[in-house]
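Numbering (the working numbering), first residue to last: 269 to 570.
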Amino acid sequence: MGVRIKSIGISRDTQSSVQNSGLAAKQSLERAGVRPDQVGVLINAGVFRDSNTVEPAVSALIQKAAGIGLEYAKDDPRTFSFDLMNGATGVLNAVQVATSILQTGSAEHVLIVAGDGHPSMTRSAATDDFPYATSGAALLLEHTDEPDGFGRVHTVNGDGTPAVEAYVDTATMGTVGRGLMTVDREPGFADRLLSVATEAARAALADAGHSDLAGTALIASTPSPDFPARLADALGIDQDSVRTPDLTDGDPHTASLPQAYDRAVVSDTLQDFTHVLFVAAGAGPSAAAVLYRLPVLAGAAA
């Protein structure tokens, strides 16, 4: 028994992280044939917010954009939503929480949304000062009695400085702070992220007793375009087993893992694999990893 991905949704249609996440959520429900009232919990793992919104919780704005839980009559089903923001590892942290919820039977489905965009809402592609693409993604999760699904999520926190920092400079922002964001990447940041990512990935593989790397696809964060390939080399995974998101507009950041998985499923490039190793790494430096056993519906051999 476990928790598996029922469907995925992605959006790059707007310059709003809220709207992109809402559209991705809608697409995931449509693909799965699931009604909005069947979603018990919505977790938002996105970090960079429209207009640097502080209140209300961005999850509530995404829930509204997705059309989930908008009826307030006495007997209407309720959907609980909240933000879980932990940088690039947020989606896998949300998988941890969703697994606990679904295993108790307290929700039929949990919807994880992630997405980022420049707070000015005027950019779609990454730039030197803001290296993240504007996009959104959604993972609709369900409980299954089959042996497929997520294993245990392993996390690693590195020592020293954060490697990557993002902030609004309150000393210089003046009256336009809601549309500003500064991202600082330390020299050698990718090497530090690679170190913690490798440690987390090895822990996930060891915990699962999994040694069949020939049947394992790798999906990893993309703080640099070559990061997944470098991680594959460190783990001894063939380069042909690496699956990445569309990086045309830059790093999807929190949405990178679900977008890469969606791209692989849509292009039917997982049929030769039985497992996917998901690895996320970002500011902290921190990393998270989990081994996912593919269901037959995703193309894996029965």
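Beta carbons: idealized from backbone N, C-alpha and C, even for Gly.
| said: Pop quiz: Asn288 and Gly385 are said to be a contact at Cβ under 8 Å. What is the actual Cβ separation, rounded to whole angstroms? | reply: Reading the sequence shown from its first residue, position 20 is the one you call residue 288. Reading the sequence shown from its first residue, position 117 is the one you call residue 385. Yes, they are in contact, since the Cβ atoms of Asn288 and Gly385 sit about 7 Å apart, within 8 Å.
| message | Using a 10 Å radius around the Cβ and a threshold of 16 neighbouring Cβ atoms, would you call Glu410 buried or exposed? | response | Stepping through the sequence shown from its first residue, residue 410 is reached at position 142. Buried, by the Cβ-count rule.
| message | Based on DSSP bridge pairs, tell me the residues matched to Ala362. | response | As a working note, residue 362 is residue 94 in the sequence shown. None; Ala362 has no bridge partner.
| Nearest candidate by alpha-carbon position, reference Thr484, set Gly426, Pro493, Val464, Asp508 | Taking the sequence shown and counting its residues from 1, one reaches residue 484 at position 216. Comparing Cα positions, the closest option is Asp508.
| Host beta strand (DSSP E) of Ser388 (start-end) | The count along the sequence shown starts at 1 and reaches residue 388 at position 120. No beta strand (DSSP E) holds Ser388; DSSP gives it neither H nor E.
| field | Simplified DSSP assignment, three categories, for Ser554 | value | Along the sequence shown, one-based indexing puts residue 554 at 286. Of the three classes helix, strand and coil, the one that applies to Ser554 here is strand, per DSSP.
| Those residues which DSSP pairs with Phe350 across a bridge | Numbered from 1 along the sequence shown, position 82 holds the residue referred to as residue 350. Phe350 pairs with Ile311.
| said: Classify Gly277: buried if its beta carbon has 16 or more other beta carbons within 10 angstroms, exposed otherwise. | reply: Reading the sequence shown from its first residue, position 9 is the one you call residue 277. So Gly277 counts as buried.
| task | Write down the C-beta distance between Ile225 and Val326 rounded to the nearest angstrom, noting that I regard them as a contact closer than 8 Å. | result | Residue 225 cannot be examined here, being either before or after the span of the chain that is shown, 269 to 570.
| query | Would you call Leu297 buried or exposed, if buried means 16 or more other Cβ atoms sit within 10 Å of its Cβ? | reply | Sequence index remark: in the sequence shown, residue 297 carries index 29 (1-based). Under this definition Leu297 is a buried residue.
| C-alpha gap between Pro241 and Asp514, whole angstroms | Residue 241 lies beyond the stretch modelled for the chain, which goes from 269 to 570, so this question has no answer here.
| request: Identify the continuous beta strand (DSSP E) that holds Gly277 and give its terminal residues. | output: The sequence position of residue 277 within the sequence shown is 9, counting from 1. Gly277: member of the beta strand (DSSP E) spanning 270 to 279, first to last residue.
| request: Give the range of the beta strand (DSSP E) segment to which Asp452 is assigned. | output: Here the question's residue 452 lines up with position 184 in the sequence shown. Per DSSP, Asp452 belongs to the beta strand (DSSP E) from 450 to 453.
| query | Should Ala551 and Glu414 be called a contact, given that it needs their Cβ atoms to be closer than 9 Å? | reply | Taking the first residue of the sequence shown as 1, we reach residue 551 at position 283. Taking the first residue of the sequence shown as 1, we reach residue 414 at position 146. In this structure, Glu414 does not lie closer than 9 Å to Ala551 by Cβ.
| said: Going by C-alpha to C-alpha distance, which of Val534, Ile505, Pro399, Ala465 sits closest to Thr516? | reply: Numbered from 1 along the sequence shown, position 248 holds the residue referred to as residue 516. Selected option, being the one with the closest Cα: Pro399.
| Own chain partners of Ala502 with C-beta closer than 7 Å, once the 5 adjacent residues on each side are dropped | Translated into the one-based positions of the sequence shown, residue 502 becomes position 234. Same-chain partners within the cutoff: Leu462, Thr466.
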